Amino acid sequence: MAQSNAHSVEVTIENLMGFHVRPVQRFAALAQLFDCDVQVSLRGRVVPGKSVMHLVSLGGRCGDKIGIAARGADAEQCVGVLGFLAESRFFVEDHMDTAAQPDRHLNRLARMASCFSSDIEVVFDGKCADAKDLKSLDSLGLEPTSEPEFRIEGADARQAQAVLGNLVGSCFYVEDKMAQKARKVS
Amino acid sequence: MALADYLCRDAVCMDLAARQRDDAIRALLNALVESGHLSADELGGLLRAILDREALGSTAIGRGLAVPHARWQGLDGVLVCFGYSRAGVAFNALDGEPVHQIFLVVAPKGEADEYLNVMQRITRLVRNSDFRRFVAAAKTEKDLVELISEMDR
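Here it is, written out as structure tokens:
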């Protein structure tokens, strides 16, 4: 990885309820997995991108454009992951036709994995697949509640492991499965 | 509108006895029912809706603050109920710390602007260390209401 670099992206908030607590929590949790400094800007205000409290205080509405800027060795990967999350409505599924996207967990995995330069193999049920290749992933029979392991080799392996671990630990943000899992725990 | 305009002043809880998340949420909902902001038959459904939201990620978002919330039908506007816990409530917080300030927010279904305004004001207020210090020193429910009114700018 480069010693120091800066990357940024601008994304329009498409969530009807805005940049509310749930999107913000997911954004900050993923941002915290990177070493780089992250800042989020909205209408001239700039706040730390790893702080839930600061991000909620932005009060981002549907249609607002937020700027995501990162500076540091893993800035490119960080902006890639956070940009994908924001473009994907922060995986909030309130107004989503979920039945029309039964394989959204695989798409999220492949897109997240593609933000990293490392080679990433998914190991599940005695089979292996390339995490960045949807067709390859499809052959594993992964469900949102599956807990595959990852074999990762490359310069950004640590960050890739953390991000993909977060995805798996959150049932790939398939919300009805997240809720079922939380009820079981409590 | 200011936070005080949404605050149910007659449902403020000065010192919550509850030490666990679900009990604290129930106590605040009871206060909303006893003060006439909600009817008793709404309590069970609303508690379930709030806990369903907690299942998607804890609303205890740091600095001793939790913002349990849900969308509910039949409301004219956003309701905010505030409870303070001196001892702290176990709330599965992101930072692992107990929660002392709980702002329970119930918003009309489909409404976004007022809800975002309320959340924006709550987080700005609680980020202010003076507010957290003054809340801890407050003696009465009236003190809490005045603090929220004066410090939410």
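Taken in sequence, the protein lines are chains L and R. The numbering of the first sequence is my numbering, which starts it at 73 and goes up by one. The numbering of the second sequence is my numbering, which starts it at 92 and goes up by one. Idealized CB from N, CA, C, for every residue including glycine. In this text the structure is predicted, and so the values were computed from the model without any measurement.
Three-state secondary structure assigned by DSSP to residue i
{"i": "H128/R", "result": "coil"}
{"i": "I66/L", "result": "Past the boundaries of the shown model lies residue 66/L; chain L is included only from 73 to 258, so the question cannot be answered."}
{"i": "E221/L", "result": "strand"}
{"i": "Q192/R", "result": "strand"}
{"i": "G179/R", "result": "strand"}
{"i": "D234/R", "result": "helix"}
{"i": "Y245/L", "result": "helix"}
{"i": "A142/L", "result": "strand"}
{"i": "Q164/R", "result": "coil"}
{"i": "F188/L", "result": "coil"}
{"i": "D113/R", "result": "helix"}
{"i": "E193/L", "result": "strand"}
{"i": "A203/L", "result": "coil"}
{"i": "Q75/L", "result": "At Q75/L the pLDDT is 48, less than 50, meaning the model places this residue with poor confidence; the figure from the coordinates comes in the next sentence. It is coil, neither helix nor strand."}
{"i": "S208/L", "result": "helix"}
{"i": "D96/R", "result": "helix"}
{"i": "K137/L", "result": "strand"}
Under 8 angstroms by beta carbon: chain L residues contacting residue i
{"i": "D143/R", "result": "A251"}
{"i": "R215/R", "result": "S129"}
8 angstroms Cβ shell around residue i - same chain, five flanking residues per side excluded
{"i": "N77/L", "result": "R143, G144, A145, A147, E148"}
{"i": "K253/L", "result": "T217, C243"}
{"i": "I260/R", "result": "No answer is possible for residue 260/R: it lies beyond the span of chain R, which begins at 92 and ends at 244."}
{"i": "M92/R", "result": "E205, N208"}
{"i": "D106/R", "result": "Y175, S176, R177"}
Beta-carbon spacing of residue i, residue j below 7 angstroms
{"i": "A131/R", "j": "V169/R", "result": "no"}
{"i": "A251/L", "j": "A157/R", "result": "no"}
{"i": "L239/L", "j": "M168/L", "result": "no"}
{"i": "D243/R", "j": "L216/R", "result": "yes"}
{"i": "R133/L", "j": "G90/L", "result": "yes"}
{"i": "V124/L", "j": "V96/L", "result": "yes"}
{"i": "A115/R", "j": "A109/R", "result": "yes"}
{"i": "I138/L", "j": "V81/L", "result": "no"}
{"i": "C150/L", "j": "F106/L", "result": "yes"}
{"i": "S126/R", "j": "A161/R", "result": "no"}
Under 8 angstroms by beta carbon: chain R residues contacting residue i
{"i": "H177/L", "result": "Ordered by position in chain R, no residue passes the 8 angstroms Cβ test against H177/L, which lies about 16 angstroms from the chain."}
{"i": "R161/L", "result": "By Cβ distance, chain R contributes nothing, its closest Cβ being about 14 angstroms from R161/L, past 8 angstroms."}
Chain-ordered neighbours of residue i on chain R, where CB pairs are closer than 7 angstroms
{"i": "V124/L", "result": "I152, G153, L185"}
{"i": "E247/L", "result": "L147"}
{"i": "G90/L", "result": "A203, L207"}
{"i": "R94/L", "result": "L147, G148"}
7 angstroms Cβ cutoff, residue i in contact with chain B
{"i": "G148/R", "result": "Included in the structure are the protein chains L and R, with no chain B among them."}
Same chain only: Cβ atoms within 6 angstroms of residue i, ignoring 5 sequence neighbours per side
{"i": "Q164/R", "result": "K200"}
{"i": "D202/L", "result": "S208"}
Cross-chain neighbours of residue i in chain R, by beta carbon under 9 angstroms
{"i": "E134/L", "result": "The sequence as given places Cys at residue 134/L; Glu does not occur at that position. Correct list: A203."}
{"i": "Q173/L", "result": "Going along chain R, no residue has its Cβ under 9 angstroms from Q173/L, so there is no contact; the nearest lies around 18 angstroms."}
Residues near residue i by beta carbon distance below 7 angstroms, same chain, minus five either side
{"i": "Q75/L", "result": "Caution is warranted here: a pLDDT of 48 is assigned to Q75/L, below 50, making its placement in the model unreliable, and no coordinate value can be reported."}
Under 9 angstroms from the C-beta of residue i: neighbouring residues of chain L
{"i": "V158/R", "result": "V93, V128"}
For the region 115-135 of chain L against the region 203-213 of chain L, are there 3 or more C-beta pairs whose distance is under 8 angstroms? With a cut-off of 8 angstroms, the region 203-213 of chain L and the region 115-135 of chain L do not count as touching, because too few Cβ pairs lie within range.
For the structure I just gave you, are there three or more beta carbon pairs, one from the region 205-212 of chain R and one from the region 179-187 of chain R, closer than 8 angstroms? no
Does the contact criterion of 3 or more C-beta pairs under 8 angstroms hold for the region 156-163 of chain L versus the region 191-202 of chain L? They do not touch, by the three-pair rule.
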